[in-house]
Structure formats: C-alpha cells, structure tokens
Amino acid sequence: MTDSQADATTAAIVARGIARLFARNDIWCLAEMPLRNGRRADLMGVDPKGHVIIVEIKVQRGDLLGDGKWPDYLDHCDRFFWGVPPGLDRGPLDSADYRPDCCGIVVADGYDGEILRPAPLHPLAAARRKVEVERLARTALRRATVALDPRCAPWGTPD
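Per my numbering, the very first residue in the sequence shown carries number 16; after that it's consecutive.
Structure (structure tokens):
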C-alpha cells in the first residue's frame, strides 16, 4: 500500500467516526461535496437548526501545514471543523494561521469521534444558507438515485 493509499484509508476512517458522532447529534453529512468555488468539502452536513457544517479532514502534519485552501470553505458554512485522527499533532491548529476563533476540532477513529473544540457559529446570510442546503440536498438525492439505478448517472448535474 502506498503512502497516499494509506492516507486515503485513514481519511475514510476519520470520516466514518465523524459521521457517527454527528449522526448521534442529528447532524447528517455527505462526503466529498463539491462547492461552487471549485473546492470539495471532505464532509458537509446540516444540523437540526439548518446550519451548514463543513469538516476538512487532515491525516498528516505535512498535509495540514501545506493546506492554504481551507479558508475558501468558510464562505460556504456556518461552522467549520478540522477532522483529525488520534495522535496527529494538533498544535498548528491552535496558531493564528488556523484561526481557532472560527474553527473547531474533531478527533475521530473508525468507531467514533469527539469534539475537542466546538466550532463557533458564524452565520451565513439566509439566502446563501438556502442555496448551500439546496445544493447539498440535490447532491445527496442524486447520489441516492444513481445508487438505486446507475442508468440515471448521465442525467442531471454530476458531483
């Protein structure tokens, strides 16, 4: 297994733990959600109050330190979390470069997750939230439909 395959496997494990934590809290997520700015959120979901949540998963220190695109996600969510595996050095996430004032931290393994730092609410404008929730819903519905009938894949807007 290559390092990139191992990282992808670890990221999937972290995503599963976060999804379980969120599901217990009635937050429902979709993995690999494309955003209108061309970025792709590792997890994007909606909480019971309709707030949009994005989680950016990092499994290697180098990947975390080299990620300059994460602020692009902030315009698409009410809350932003970093998702990391246990054992990853989270020190950089406490520095001003990673804006702890607006970013939460979730640590997760394949079984569960724990919020180490809650993500503060930075409300989107109501019209923007509506657009993001509708895009998330349509993407989820399209994925569910294609899973039931792969012949539907060519139609509509792909992820």
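Here a beta-carbon is modelled for each residue, glycine too, at the ideal position from N, C-alpha and C. Since we're looking at a predicted model, the values are computed, not measured.
Where residue i sits in the DSSP three-state scheme
i, result
"G125", "coil"
"R54", "coil"
Residue i to residue j span [Cα, whole Å]
i, j, result
"D183", "H91", "This structure does not reach residue 183, given that the chain is present from 16 up to 174, and the question cannot be answered."
"T25", "K145", "32 Å"
"A134", "I120", "7 Å"
"W97", "D112", "13 Å"
"A123", "F37", "11 Å"
"V61", "D18", "32 Å"
"M59", "L156", "14 Å"
"W43", "T172", "22 Å"
"F95", "K73", "13 Å"
"G89", "H137", "Per the sequence presented here, residue 89 reads as Leu, with Gly not at that position. Near 9 Å, if we compare the C-alpha coordinates of H137 and L89."
"G32", "V70", "12 Å"
"R51", "E147", "9 Å"
"R39", "D127", "10 Å"
"A46", "D174", "11 Å"
"P107", "L80", "8 Å"
Start and end residues, alpha helix (DSSP H) containing residue i
i, result
"L79", "76-80"
"T160", "141-163"
Paired residues, beta bridge with residue i - DSSP
i, result
"C44", "G60"
"I9", "Within the shown structure, residues of the chain are numbered from 16 to 174, placing residue 9 beyond reach of any answer."
"P49", "R55"
"I33", "The partner list for I33 (beta bridge, DSSP) is empty, contrary to what the question assumes."
- Task: Counting only runs of 3+ residues fully inside the region 85-138, write out the beta strand (DSSP E) ranges in chain order.
- Result: 94-99, 118-123, 128-132
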